[in-house]
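Residue numbers (the UniProt record's numbering), protein chains in the order written: chain A, 1 to 284; chain B, 1 to 153. Heads up: the structure comes next, in structure tokens.
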């Protein structure tokens with residue numbers, strides 16, 4: 001590839017020097033995620049418990065075109081959902097005549113929540129995801145019907161609330177009562193499933209940075225969820241993505257909201273500890 | 001019209017049935033020292049069909065993980081496994097058959113590469129694929145015949 005002679009020699013040598021310090025083509029790129037003038041950290045040293053040295057946001061593996069959609073909130077298609085949820089936030093629903101705002105006032109009061117989910121929940125004696133917490137408000141405090149896991153209103157609301165934590169490092173409890181769930185999630189992460197007989201780790205730990213046909217494999221981090229996927233033409237939850245990956249390897253996926261997917265979510269979140277929340281991310 | 005289709009597919013199933021009856025079942029393949037010496041079907045593989053299977057995302061989808069410069073018309077070749085260029089120079093036919101049948105037994109128990117003619121599958125296999133191998137015996141022979149054409153020397 002490197003041409004010698006004339007102007008190409010200079011370019012060639014510069015490229016060679018650059019390649020000494022920059023990762024090879026297969027690795028995550030070196031682009032920086034800057035949104036509204038604020039730098040969002042997309043790679044950090046891995047947490048102690050991690051089998052990896054360094055962890056990267058999925059953003060670093062996307063094409064420059066997809067990346068740029070996430071760098072401008074006006075271009076980011078996920079913001080249509082955020083705006084819709086902002087309206088729902090103010091709208092009373094259910095027998096108690098309350099809206100989210102009746103209790104929480106401005107949604108910014110929930111800043112920091114996304115970064116620590118799923119978290120231990122005394123009321124149910126298991127970890128709670130954001131979907132669980134939202135539905136508890138709806139049924140117990142508003143007297144309204146629970147939303148479905150992937151229902152538009154639910155996904156939109158998780159995007160609005162997660163956005164309040166954008167830029168904050170993922171920081172999830174892994175000890176105490178969470179320890180057992182981390183173990184369970186870890187088991188699932190390393191279990192080979194489906195006719196193709198693969199585990200999450202086969203693709204996202206052993207092969208991140210490699211192309212798998214037209215896809216550039218990331219570490220499968222969840223700091224950007226819910227993400228806007230161009231393929232879905234909309235936002236999708238963490239559990240929807242897990243389900244898709246399991247189906248691709250010809251396995252029967254667990255159900256959204258199942259204990260298995262909650263355990264897997266908690267464990268995958270712990271593998272991304274330190275990465276900044278990026279919701280709503282854009283993916284292809 | 002519908003009857004005709006049903007009748008035709010019954011005939012088709014019959015012929016497939018006959019072919020299967022002659023094929024070595026996935027649990028009966030004799031692999032020794034990472035070699036499967038005998039053809040799975042006794043019918044010579046068709047390299048052109050094998051090439052299509054390599055490309056087809058629902059069949060071999062080998063290009064998901066392997067670069068193969070003999071298939072330049074397909075845009076995306078993966079880089080999870082080694083390039084297949086010249087693979088027939090590196091391996092014998094019996095070795096390649098073993099790799100295709102069950103790479104985990106033939107090469108590397110931890111391999112990400114699917115075992116294409118094995119019933120040692122993962123947990124929670126989707127109903128549609130339960131008890132089924134990824135490729136049929138003749139399809140393995142077809143892919144093998146194609147791989148045998150990948151020579152550089």
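Backbone N, C-alpha and C fix where the C-beta goes; we use that ideal spot for every residue, glycine too.
Query	Result
Is DSSP giving residue 38(A) helix, strand or coil here?	strand
Going along chain B in order, which residues have a C-beta closer than 8 angstroms to the C-beta of residue 192(A)?	122 and 123
For a quick check, are the C-beta atoms of residue 285(A) and residue 280(A) less than 8 angstroms apart?	Residue 285(A) is absent from the structure shown; chain A starts at 1 and stops at 284.
Between the alpha carbons of residue 56(A) and residue 29(A), how many angstroms are there, rounded?	10 angstroms
Any C-beta of chain B sitting closer than 8 angstroms to the C-beta of residue 196(A)?	yes
Please list, in chain order, the residues of the stretch 37–60 of chain B that have any C-beta partner in chain A closer than 7 angstroms.	none
Report the residue from 141(B), 137(B), 89(B) and 121(B) whose alpha carbon sits nearest the alpha carbon of residue 252(A).	121(B)
Determine the direct distance from the alpha carbon of residue 118(B) to that of residue 242(A), and round the result to whole angstroms.	26 angstroms
Which partner residues does residue 169(A) have in the DSSP bridge list?	276(A)
To the nearest angstrom, report how far apart residue 25(A) and residue 96(A) are at their CA atoms.	Residue confidence is low: residue 25(A) scores 45 on pLDDT, short of 50, so the model does not pin down where it sits. Its coordinate-derived value is still stated next. Rounded to whole angstroms, residue 25(A) to residue 96(A) spans 57 angstroms at the Cα level.
Below 9 angstroms between beta carbons is the criterion; list the residues of the stretch 78–98 of chain B that meet it against any residue of chain A, in chain order.	78, 79 and 80
Do residue 85(B) and residue 68(B) have their C-beta atoms closer together than 8 angstroms?	yes
Applying the 10 Å Cβ sphere with the 16-neighbour rule, what's the burial state of residue 103(A)?	exposed
Just to confirm my understanding: we take residue 97(B), look at its own chain, exclude 5 residues before and 5 after, and list those with CB closer than 6 angstroms. What are they?	36 and 144
Using a C-beta to C-beta distance shorter than 8 angstroms, which residues of chain B count as neighbours of residue 252(A)?	124, 125, 126 and 127
Could you name the residues of chain A that residue 134(B) contacts, counting a contact when the two beta carbons are closer than 8 angstroms?	195 and 196
Flag this pair as touching only if the stretch 152–164 of chain A and the stretch 213–221 of chain A have three or more C-beta atom pairs under 8 angstroms; answer yes or no.	no
Is the beta carbon of residue 64(B) less than 8 angstroms from the beta carbon of residue 50(B)?	no
Does the count of Cβ pairs from the stretch 228–243 of chain A and the stretch 89–106 of chain B closer than 8 angstroms reach three?	no
8 angstroms is my cut-off, CB to CB: does residue 26(B) come that close to chain A?	no
Please identify the residue among 52(A), 33(A) and 132(A) whose C-alpha is closest to the C-alpha of residue 237(A).	132(A)
If I measure Cβ to Cβ from residue 165(A) and keep anything under 6 angstroms in the same chain, skipping five residues before and after, which residues do I get?	111, 112, 114, 115 and 277
Tell me whether residue 139(B) is buried or exposed, calling it buried when 16 or more other Cβ atoms sit within 10 Å of its Cβ.	buried
Can you list the residues of chain A that residue 63(B) reaches, using a CB-CB cut of under 8 angstroms?	213
If we cut at 8 angstroms on Cβ distances, does residue 112(B) have a partner in chain A?	yes
Against chain B, does residue 76(A) count as a neighbour if the rule is that its beta carbon must be under 8 angstroms from one of theirs?	no
Whole alpha helix (DSSP H) runs in the stretch 75–153 of chain A with 4 or more residues, listed along the chain?	79–90, 100–104 and 130–136
Counting contacts by CB-CB distance shorter than 8 angstroms, is residue 259(A) in contact with chain B?	no
For residue 115(B), go through chain A and note every residue whose CB falls closer than 8 angstroms to its CB, in chain order.	197
As a quick exercise: from 140(A), 179(A) and 54(A), pick the residue whose alpha carbon is nearest that of residue 263(A).	179(A)
How about residue 282(A) and residue 69(A): do their beta carbons lie closer than 8 angstroms?	yes
Helix, strand or coil: how does DSSP classify residue 44(A) here?	strand
In angstroms with no decimal places, state the Cα-to-Cα distance between residue 48(B) and residue 200(A).	34 angstroms
When the Cα of residue 152(B) is compared with those of 141(B), 88(B), 115(B) and 137(B), which residue comes out closest?	88(B)
Give me the chain B residues within the contact set of residue 206(A), using Cβ-Cβ distance strictly less than 7 angstroms, ordered along the chain.	112
So residue 273(A) packs on residue 170(A), CB below 8 angstroms; how close in whole Å?	5 angstroms
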